[in-house]
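According to the UniProt record's numbering, the sequence shown is numbered sequentially starting from 1.
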Amino acid sequence: MSLEEVLSKVNDINTKISAITEDVDLLKKKNKDKEDREMITSALVRSRSRSPRSSREDDRTRRSSRERGERSWADIVDSELHPEEEDVDSSQLIEVSEDTHRLLTGSCTRNMSNEMRKRVRGRYKLPKVEATRTPRMDPVIKTLAPQVARSADKELARIQTFVLDALAPISSILENIDGMTAEDVTEASMAATELLGNANAKISRLRREKLIASINRNLIPMLQDDVIFGDVAPNLFGPDFSRRAKEFLDQVSALKSLTHPTRHSQGQTSGTSYRRPLLHRGPPLGRGSGRGRGGGPSHPHHKGVPSGHGERPSHSH
């Protein structure tokens, strides 16, 4: 066998070794991914089925962590990011012109239509930076998370997209400031303000919907009217919300009585009539909700707003 043949065989062996090495590395990677998925699944199963004893141990661990000064994100939210603790000294606030005041108020209280949002954002390009995109849910988490968690994440991701919209005009200023006129900078700043304000308005609406959904879902359509909440700052609902909610429910009740006359007449012949409390919890009171002539409603306890404008059911004899 010549030297050339020997070298050729050695090269063949090296090639095969390299191929085997690549296969081994690929297999290791697949095994690692599988182990990661199994680890996450196991952790979720343990957290869902943990015993009271393990819960007590977790509580002791959390207390120990806090004693060592190690705080979780929830701790930070409760202690440092609560809105009531963000009141600033008036000396730290600046006076703004009437035009700026009008821009800020309108932007932060009114939800943009999707068409308007695209038109404002479309004047500027988003930067080619992955971190400025709304993160997608990882496939492994998507398969493990329950539907309620995925729905909540979808709402948050939508709001996150609105917040990131403002980076388009802001990035334009940062990249092109040397070649921009004062008018260009002003327009870009106003666009960023409008987009950030839109995100703020949508967050406020989402907060209202979550709160009202836990009290009386019949009031949710009322929350779509931004005009009602245009002057409620610094509160979320404003002092007139109880009155407006009562008027809205009265209108809904009147419309229902027109569309369901038979049910209305039956309520009159029974000798008992009901008026819904301001923020009644649950579906409208209907046929069969009383206990006979002069009897009270089948749901005597109703949850109302703190202002005390709710009304108790009245009985006509």
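Beta carbons are placed, not taken as given, at the ideal position from N, Cα and C, and that holds for glycine.
Contact check, residue i vs residue j, beta carbons under 8 Å
i: L219; j: A201; result: no
i: I170; j: M180; result: no
i: A168; j: T134; result: no
i: residue 320; j: F229; result: Since the first and last residues shown for the chain are 1 and 317, residue 320 lies out of range.
i: T132; j: L164; result: yes
For residue j and residue i, the rounded distance between their alpha carbons
i: L104; j: I203; result: 16 Å
i: E108; j: K128; result: The sequence given here places Cys at residue 108; Glu does not occur at that position. Taking the straight line from one Cα to the other gives about 27 Å.
i: M116; j: K34; result: 45 Å
i: D2; j: D25; result: Asp is not the amino acid found at residue 2; the sequence shown has Ser there. Approximately 35 Å, taken between the alpha carbons.
i: I141; j: A166; result: 29 Å
i: K16; j: T143; result: 38 Å
i: S289; j: E209; result: Because the pLDDT at S289 is just 46, under 50, the model does not fix this residue reliably, and the point stays unresolved.
i: residue 349; j: R150; result: Nothing can be reported for residue 349, as the shown portion of the chain is limited to 1 through 317.
i: A233; j: V227; result: 13 Å
i: T259; j: S253; result: 10 Å
i: E95; j: R102; result: 13 Å
i: L27; j: S8; result: 29 Å
i: D184; j: D99; result: 18 Å
i: A152; j: R207; result: 13 Å
i: residue 382; j: E4; result: In the structure as shown, the chain begins at 1 and stops at 317. Residue 382 is therefore absent and cannot be evaluated.
i: R119; j: K29; result: 45 Å
i: N235; j: G106; result: 16 Å
i: S18; j: N31; result: 20 Å
i: D240; j: N176; result: 46 Å
i: T21; j: V148; result: 44 Å
i: E70; j: S90; result: Residue placement at E70 is poorly supported in this model, since its pLDDT is 48, which falls under 50; the coordinates are not used for a value here.
i: V10; j: D23; result: 20 Å
i: A145; j: A182; result: 49 Å
i: Y274; j: D231; result: Confidence at Y274 is low in this model, with a pLDDT of 49, below 50, so the placement of that residue is unreliable and no value is reported for it.
i: E130; j: E38; result: 28 Å
i: S97; j: R243; result: 33 Å
Start and end residues, alpha helix (DSSP H) containing residue i
i: K128; result: Premise fails: K128 is in no alpha helix (DSSP H) and is neither H nor E.
i: E209; result: A182 to A213
i: D165; result: Q147 to D165
i: F241; result: F241 to T259
i: L93; result: Here L93 belongs to no alpha helix (DSSP H), and DSSP marks it neither H nor E.
i: N114; result: N114 to R121
i: L144; result: P139 to L144
When the options are compared against residue i, the one with the closest alpha-carbon
i: E155; options: R205, G122 and K256; result: R205
i: Q160; options: V148, K118 and R136; result: R136
i: M222; options: V185, Q251 and E5; result: Q251
i: R110; options: D225, L255, F241 and Q92; result: D225
i: F162; options: K32, N114, E130 and N176; result: N114
Practice prompt. Evaluate contact between the segment 179-196 and the segment 209-228, counting only Cβ atoms and requiring at least three cross-stretch pairs below 8 Å.
Written response: No, they do not touch.
Worksheet item: Pairing CB atoms from the segment 177-192 with CB atoms from the segment 120-127, are three or more of them under 8 Å?
Response: The answer is yes - the segment 120-127 touches the segment 177-192, with three or more Cβ pairs under 8 Å.
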